[in-house]
Amino acid sequence: MAGATAPDPPLLEDSEGGTLRHLEAFMHTLPTREDLSRLIDSVQATFRTEIAEVRGEISGIESRLTVMETRAGACTHAERHESSFSTMRRRLDDLENRSRRQNIRIRGIRETVHNVKARLISFFNMLLGEDAITAADIDRAHRALRAPQHPPAPPRDIICHLPNYQLKAAIMDKARTRRSWRYKDDNIELYHDLSPYTLLARRSLRPVTNLLREANIPYRWGHPFSLQVRTDNRLHSILSPRDVPQFLEALGFPPTEVPNWEVNHPFMPPPLEHGRPQRPMRPARRPRDASMDRPPPGNGSTSGAEAAD
Numbered sequence: 001m002a003g004a005t006a007p008d009p010p011l012l013e014d015s016e017g018g019t020l021r022h023l024e025a026f027m028h029t030l031p032t033r034e035d036l037s038r039l040i041d042s043v044q045a046t047f048r049t050e051i052a053e054v055r056g057e058i059s060g061i062e063s064r065l066t067v068m069e070t071r072a073g074a075c076t077h078a079e080r081h082e083s084s085f086s087t088m089r090r091r092l093d094d095l096e097n098r099s100r101r102q103n104i105r106i107r108g109i110r111e112t113v114h115n116v117k118a119r120l121i122s123f124f125n126m127l128l129g130e131d132a133i134t135a136a137d138i139d140r141a142h143r144a145l146r147a148p149q150h151p152p153a154p155p156r157d158i159i160c161h162l163p164n165y166q167l168k169a170a171i172m173d174k175a176r177t178r179r180s181w182r183y184k185d186d187n188i189e190l191y192h193d194l195s196p197y198t199l200l201a202r203r204s205l206r207p208v209t210n211l212l213r214e215a216n217i218p219y220r221w222g223h224p225f226s227l228q229v230r231t232d233n234r235l236h237s238i239l240s241p242r243d244v245p246q247f248l249e250a251l252g253f254p255p256t257e258v259p260n261w262e263v264n265h266p267f268m269p270p271p272l273e274h275g276r277p278q279r280p281m282r283p284a285r286r287p288r289d290a291s292m293d294r295p296p297p298g299n300g301s302t303s304g305a306e307a308a309d
């Protein structure tokens with residue numbers, strides 16, 4: 001066995017060399033520092049772009065939010081102005097009603113009656129049952145200021161002004177006992193002379209007053225304009241159209257549609273498109289000839305000094 005040869009050892013160098021080659025190849029596939037730097041720069045650039053877009057969107061949202069807040073504040077101011085305007089209009093309406101306080105509106109006297117003052121004197125004395133009214137007690141009496149209409153249209157109302165308010169109150173208290181009065185073939189009705197705004201507001205609240213009458217709830221009209229109801233020692237009032245829903249809810253009534261008498265008021269003239277109309281200019285006068293004022297010579301006229309003597 002001395003002549004037998006030992007087996008060859010494994011080729012470690014070859015295996016180690018292959019592993020090294022694999023490692024070298026793998027390391028060549030790994031990104032270098034420059035690759036990592038470029039990747040980081042690319043990611044940062046992407047982030048910067050996206051962050052800039054987000055900031056732009058946030059800035060746009062902030063701008064829109066600022067506009068919305070400004071508009072919301074303007075709406076709040078508009079609501080306050082609307083409330084102030086409503087209060088001012090009610091007070092102006094109260095002043096107009098005070099100027100009409102001593103007036104009586106008479107309805108039903110035919111247009112053929114021309115001497116309306118004499119007819120009213122006799123009618124009022126018939127109401128009061130005595131000759132308490134004379135021509136001096138009626139300051140003025142005239143038809144409503146509109147063109148007369150042909151029958152069968154109703155005659156124009158007559159507005160009568162009595163300086164003595166106690167006398168006017170006595171006439172209205174007596175007239176309140178009936179809906180109409182028959183006098184000289186006319187059915188005559190008497191009303192307080194109210195402003196157009198008050199009449200429109202009362203007409204608009206007719207659905208509410210119908211509900212109150214059906215429920216046997218007493219109500220009264222106030223001045224400045226208001227509709228007042230007192231229940232359970234609490235006063236409920238309607239001063240403007242905004243008060244209607246709360247008023248109905250407090251009294252247990254269902255929601256009812258009521259026209260807004262403060263919008264598109266038919267008795268308020270529309271604003272002028274081009275401002276106040278200008279008065280046309282008068283044509284210029286021709287200069288007066290001074291020679292026309294001189295007396296003709298030799299007419300025997302005297303001078304001012306001679307006339308004074």
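Just so you know, the sequence shown maps onto residues 1 to 309 in full-length UniProt numbering. Beta carbons: idealized from backbone N, C-alpha and C, even for Gly.
- The three-state secondary structure of residue 246, taken from DSSP, is helix.
- Relative to residue 256, the option among 262, 71 and 205 whose CA is nearest is 205.
- In the DSSP assignment, residue 206 falls within the unbroken alpha helix (DSSP H) covering 206-214.
- For residue 42, there are no CB contacts under 6 Å within the same chain when 5 residues up- and downstream are skipped.
- Closest in C-alpha terms to residue 163, from the list 58, 173 and 136, comes 136.
- In the three-state scheme derived from DSSP, where H, G and I count as helix and E and B as strand, residue 153 is classed as coil.
- Inter-segment contact for the stretch 213-224 and the stretch 133-152 is absent: fewer than three beta-carbon pairs are separated by less than 8 Å.
- Of the residues 147, 134, 183 and 189, the one whose Cα lies closest to the Cα of residue 177 is 189.
- The Cβ atoms of residue 93 and residue 198 sit closer than 8 Å to each other.
- Taking 8 Å as the cut-off, the beta carbon of residue 237 is found no closer than this to the beta carbon of residue 97.
- Within the stretch 118-202, the complete beta strand (DSSP E) segments at least 3 residues long are 140-143, 158-161, 181-183 and 186-192, listed from N- to C-terminus.
- In the same chain as residue 123, and ignoring 5 residues on each side of it, the C-beta atoms closer than 7 Å to its own belong to 183 and 188, in chain order.
- Distance between residue 52 and residue 243, taken at the CA atoms: about 51 Å.
- Distance from the CA atom of residue 247 to the CA atom of residue 192, rounded to whole angstroms, is 27 Å.
- Under a 10 Å Cβ-count criterion, residue 120 is classified as buried, with 16 or more other Cβ atoms of the shown protein chains found around its own Cβ.
- Rounded to whole angstroms, the gap between the alpha carbons of residue 99 and residue 161 is 10 Å.
- Beta-bridge pairing by DSSP links residue 103 to 161.
- Secondary structure of residue 113 (DSSP, three-state): coil.
- In the DSSP assignment, residue 32 falls outside any beta strand (DSSP E), carrying neither H nor E.
- Closest in alpha carbon position to residue 133, among 166, 70, 186 and 241, is 166.
- The DSSP-derived three-state label of residue 42 is helix.
- Inclusion of residue 229 and residue 212 in the CB contact set at 8 Å is warranted, their separation being smaller than that value.
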